[in-house]
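What follows is one structure encoded as C-alpha cells, with my remarks underneath.
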Amino acid sequence: MVIHGAGKRFIYWSGFEPRMCLTDPDMIKELLTKYTSLSGRSWLQQQGSKNFIGYGLLMANGENWYHQRHISAPAFMGDRLKSYAGYVKECTDNMLESLRKRIESGEKEVEMGEMMTGLTADIISRIEFGSSYEKGKRIFG
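Once you know that position 51 of the sequence shown is 51 in the UniProt record's numbering, the rest is easy, because the numbers rise by one and skip nothing.
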C-alpha cells in the first residue's frame, strides 16, 4: 500500500494491529540496523504463515532473526550476488521462453505463482548444484 503525500513515515492499521510505514531508505536502514528489537513480524503474521513458511528468516524476530541473518549474510554480499547474475539471467530467459511457448500454443491463463516458484528453484539449483531444477527432478524423481 502506497499513500502518496503521506510523508516519509506514517501509521496505518491492519485489522487490530497498528503498522508504521517508512518510505525513506535512510530511515529504513536505521530501523533495521539500530532498532532490530522493534521491527519484525507480529504474532498474527507469524501464526498466519507458520504452516506455509515456518519461522525462518522471513518470520523471525529478535535474537532468532539476528542469528539467522548472521548465518545467511555471506550469501547475500554484493560481490557474491553479482557473480550469480548470469545464472539468474539464464534461468529467467528460460522461464520467459517457456511462457512464450505456452501463450503461442493458445494457453489463455498461466499460473504465475507456479512459474515463479519454478524460476526460484531453478536459480537456486543452478547456483548451488550447477544443474537445472528440471534436470534434478528427472534424476531424483
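All C-beta atoms, glycine included, are put in the ideal place defined by N, C-alpha and C.
Worksheet item: How many angstroms separate the CA atom of M115 from the CA atom of T92?
Response: 10 Å
Item to complete: Give the single residue among G78, W13, L81 and G62 whose Cα lies nearest to the Cα of L31.
Response: G62
Worksheet item: Do you know how far the Cα of L22 is from the Cα of I28?
Response: 6 Å
Practice prompt. Take S42 as the anchor and find which of P25, D26, P74 and M20 has the nearest alpha-carbon.
Written response: M20
Worksheet item: Taking buried to mean at least 16 other C-beta atoms within 10 Å of its own C-beta, is M59 buried or exposed?
Response: buried
Worksheet item: Ordered along the chain, which non-local residues of its own chain (more than five positions away) have a Cβ less than 6 Å from that of I11?
Response: P18 and M20
Worksheet entry | Sheet register partners of Y20 (DSSP bridge) | Position check: residue 20 holds Met in this sequence, whereas Tyr was assumed. Partner(s): I11.
Worksheet item: Taking just the CA atoms, how far does E107 sit from residue 144?
Response: Since the first residue shown for the chain is 1 and the last is 141, residue 144 is missing from the structure and cannot be characterised.
Worksheet item: Considering only the beta carbon of each residue, do D24 and K34 sit closer than 7 Å?
Response: no
Worksheet item: What is the DSSP secondary structure of A60, counted as helix, strand or coil?
Response: coil
Worksheet item: Under 7 Å between the Cβ atoms of D122 and S132?
Response: yes
Worksheet item: Shortest alpha-carbon distance to F129 belongs to which of G113, Y87, L96 and H70?
Response: Y87
Practice prompt. Return yes when the Cβ of I124 is within less than 7 Å of the Cβ of Y84, no when it is not.
Written response: no
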